[in-house]
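Residue numbers (this note's numbering), protein chains in the order written: chain A, 1 to 215; chain B, 216 to 430. Shown next, in structure tokens, is the structure this report addresses.
There are 2 protein chains.
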Amino acid sequence: MSLGDFHDEGLLRQALTHRSAGRPNNERLEFFGDALLDLVISESLLERHPRADEGALTRMRASVVRESSLAGVARRLGLGNRLILGSGELKSGGYRRDSILADAVEAVIAAVYFDQGFDEARRRVLGWFAPELDRLNLDAGKDPKTRLQEWLQARQLALPEYELLSAEGPDHAQVFRVRCSLAAPQHAIEAVGGSRRAAEQSAAQQVLEQLEVPA
Amino acid sequence: MSLGDFHDEGLLRQALTHRSAGRPNNERLEFFGDALLDLVISESLLERHPRADEGALTRMRASVVRESSLAGVARRLGLGNRLILGSGELKSGGYRRDSILADAVEAVIAAVYFDQGFDEARRRVLGWFAPELDRLNLDAGKDPKTRLQEWLQARQLALPEYELLSAEGPDHAQVFRVRCSLAAPQHAIEAVGGSRRAAEQSAAQQVLEQLEVPA
Chain A
1 MSLGDFHDEG LLRQALTHRS AGRPNNERLE FFGDALLDLV ISESLLERHP RADEGALTRM
61 RASVVRESSL AGVARRLGLG NRLILGSGEL KSGGYRRDSI LADAVEAVIA AVYFDQGFDE
121 ARRRVLGWFA PELDRLNLDA GKDPKTRLQE WLQARQLALP EYELLSAEGP DHAQVFRVRC
181 SLAAPQHAIE AVGGSRRAAE QSAAQQVLEQ LEVPA
Chain B
216 MSLGDFHDEG LLRQALTHRS AGRPNNERLE FFGDALLDLV ISESLLERHP RADEGALTRM
276 RASVVRESSL AGVARRLGLG NRLILGSGEL KSGGYRRDSI LADAVEAVIA AVYFDQGFDE
336 ARRRVLGWFA PELDRLNLDA GKDPKTRLQE WLQARQLALP EYELLSAEGP DHAQVFRVRC
396 SLAAPQHAIE AVGGSRRAAE QSAAQQVLEQ LEVPA
């Protein structure tokens with residue numbers, strides 16, 4: 001993955017200059033880059049998820065542009081070694097801090113815009129963030145029980161327990177009630193469905209929403 | 216002030232359709248328009264305020280894109296009469312509600328983008344929001360004591376009291392300490408300066424910042 005060329009190398013240099021190194025620094029560029037990143041990711045999400053509602057789109061966007069995700073992009077682009085930091089931040093390892101790396105990515109996005117315009121900035125952002133955008137698609141294609149299990153496993157937490165509480169009604173229209181319980185973080189959700197599996201999926205979905213796991 | 220032309224009138228119609236009227240409605244467009252508006256206003260603020268730092272820019276942007284400001288733009292554009300609302304919202308006067316009008320403006324901005332591209336969307340947004348952007352310039356040209364006085368008068372609140380606490384040092388290098396007090400909302404700030412007037416301006420500026428009045 002590459003940063004790409006800049007006509008005005010001074011603009012790139014400013015984007016990589018943390019405020020601890022004096023002025024001009026990347027604060028004003030970061031202010032603009034944050035908004036530009038939101039816009040480009042929003043457009044991509046609209047295209048990739050034609051039936052997602054505003055709430056799901058907002059959750060997905062927050063997941064893509066969160067600080068840890070931006071810091072990951074900065075590391076893939078090798079920005080850490082190129083940051084211009086004041087001596088205090090250098091000594092304390094500021095080039096490794098997520099917040100400084102995330103701000104630098106936003107500032108670099110703004111620098112591309114001011115150097116080469118909207119279309120080129122969009123093109124680079126979509127390339128740099130393709131892994132984050134693709135991951136959402138993978139997750140969105142999975143059922144709630146699978147997503148909940150994977151989310152817990154990734155955090156080395158205990159798996160959920162599903163318990164059948166009741167099955168009522170005539171054979172052709174039975175209603176199943178199940179409970180999904182998590183030990184940590186502690187959650188217990190009851191849900192109903194026309195099959196035991198449907199009720200379990202519904203309960204898992206509600207737990208995912210309580211945990212604010214992006215769709 | 217005019218909405219301008221649309222090649223695809225269906226897109227404009229969707230932008231004016233509140234979710235109470237069913238689908239397709241303007242929720243997904245509003246999601247995108249919100250980000251596009253932020254971007255266009257951010258760029259304009261960078262140009263208009265070349266020395267403003269990130270904090271001042273963020274406060275100014277929040278002031279321009281706040282709900283009441285967007286609703287004002289919607290009214291100037293005559294959107295209220297053109298909204299497509301469900302019967303419940305119609306009966307309860309939804310076409311007059313700030314939140315519904317603000318969402319519609321954001322959706323219309325997105326509709327211009329998808330109809331005619333980034334440059335045309337930016338051009339119309341800058342035209343529609345020129346009064347809001349100009350007002351920031353007017354305020355920014357005024358000194359802090361004047362801005363604080365006007366902010367309080369606009370809210371029919373009592374004017375600040377300035378009190379000289381001390382004047383120390385040799386004649387050619389006196390330091391004045393003053394206190395600026397507000398009855399409601401209650402604030403008291405002490406500041407120093409090389410003249411009584413300078414100390415008062417400094418105190419007023421700090422009160423403005425505590426009140427989060429946009430620069």
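Even glycine gets a Cβ: it sits at the ideal position worked out from N, Cα and C.
Following the DSSP letters along the chain, one finds Leu164 of chain A inside the beta strand (DSSP E) bounded by residues Glu161 to Glu168.
Judged by DSSP secondary structure, Glu190 of chain A falls within the beta strand (DSSP E) whose first and last residues are His187 to Gly193.
Between Phe6 of chain A and Asp115 of chain A the beta-carbon gap is near 5 Å, inside 8 Å, which marks them as a contact. Taking CB atoms only, Ser257 of chain B has a neighbour in chain A less than 8 Å away. Contact between the stretch 285-294 of chain B and the stretch 361-374 of chain B is absent: fewer than 3 CB-CB pairs across the two stretches fall below 8 Å. The beta carbons of Asp98 of chain A and Ala250 of chain B sit no closer together than 8 Å. Within chain A, no C-beta atom comes nearer than 8 Å to that of Phe221 of chain B; the closest sits roughly 18 Å away. Positions of the beta strand (DSSP E) runs, each at least 3 residues long and wholly inside the stretch 240-324 of chain B, cannot be given because no such run exists.
Excluding five sequence positions before and after Asn25 of chain A, the CB atoms of its chain that fall closer than 8 Å to its own CB belong to Gln14, Thr17, His18 and Arg19, given in chain order.
The stretch 106-123 of chain A and the stretch 162-174 of chain A do not touch, with fewer than 3 CB-CB distances between them shorter than 8 Å.
Looking at A:Gly10, A:Val40 and A:Leu11, the one whose alpha-carbon comes closest to that of Phe129 of chain A is A:Val40. Annotation: the continuous beta strand (DSSP E) that includes Ser181 of chain A extends over Val175 to Leu182. By the 16-neighbour rule on beta-carbons within 10 angstroms, Asp223 of chain B is exposed. Under the 8 Å criterion on CB atoms, Ala35 of chain A is classed as interfacial with respect to chain B. Against Asp38 of chain A, the close residues of chain B are Ala250, Asp253 and Leu254, in the order they occur along the chain (beta-carbon pairs closer than 8 Å). Note on geometry: alpha-carbon atoms of Arg48 of chain A and Val105 of chain A lie some 23 Å from one another. If you draw a 10 Å sphere on the C-beta of Gln425 of chain B, you find fewer than 16 other C-beta atoms in it, and that means exposed. At a beta-carbon threshold of 8 Å, the residues of chain A lying near Glu269 of chain B are Glu27, Arg28, Glu30 and Phe31, ordered along the chain. About 13 Å separates the CB atoms of Ala317 of chain B and Leu244 of chain B; that is not less than 8 Å, and the two are not in contact. The Cβ-Cβ distance between Val178 of chain A and Glu161 of chain A does not fall below 8 Å.
Pairing Arg76 of chain A with Leu157 of chain A, the inter-Cα distance amounts to about 28 Å.
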